[in-house]
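The structure appears right after this line, and notes come after that.
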Amino acid sequence: MTIFTGMSERDLRTKPCPVCGKPAVETFQPFCSRRCADVDLNRWLSGVYAVPVKEEEDEDGAPAAKPGNEESGT
Ligand SMILES: [Zn+2]
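Sequential numbering of the sequence shown, starting at 0, is according to numbering that gives the first Met the number 0.
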């Protein structure tokens with residue numbers, strides 16, 4: 000995986016996540032979270048590095064759908 004040649008390896012900690020672009024963390028470097036690491040891993044496992052990833056992880060801060068409060072009491 001050689002994309003940029005000339006970057007210091009020490010910059011790995013501060014390098015942005017190759018998946019989403021967020022600042023990577025030491026625990027999951029060079030990714031920012033286990034989710035992104037998994038995403039990258041899946042890409043490699045699939046053998047294709049240009050496929051859309053299903054964003055259906057449980058660790059997503061997606062806001063839950065609000066229940067339609069349509070109570071038309073008369
Ligand atoms: Zn990320």
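Note that beta-carbon positions come from the ideal geometry of N, C-alpha and C, so glycine has one too.
Sheet register partners of residue i (DSSP bridge)
i	result
Pro15	Pro22
Cβ neighbour criterion (16 or more within 10 Å) applied to residue i
i	result
Leu11	For Leu11, the pLDDT reaches just 49, beneath the cut-off of 50, and the residue's location in the model is therefore unreliable, leaving the point undetermined.
Val19	Correcting the residue identity first, residue 19 is Cys in this sequence and not Val. Burial call: exposed.
CB contact flag (residue i, residue j, <7 Å)
i	j	result
Val38	Cys31	no
CB contact check: residue i to chain B, cutoff 7 Å
i	result
Phe30	Within the model displayed, chain B is absent; a lone protein chain is all it includes.
Lining residues of ligand 1 - beta-carbon closer than 6 Å to any non-hydrogen atom, in sequence order: The answer, residue by residue, is Cys16, Val18, Cys19, Lys21, Phe30, Cys31, Ser32 and Cys35.
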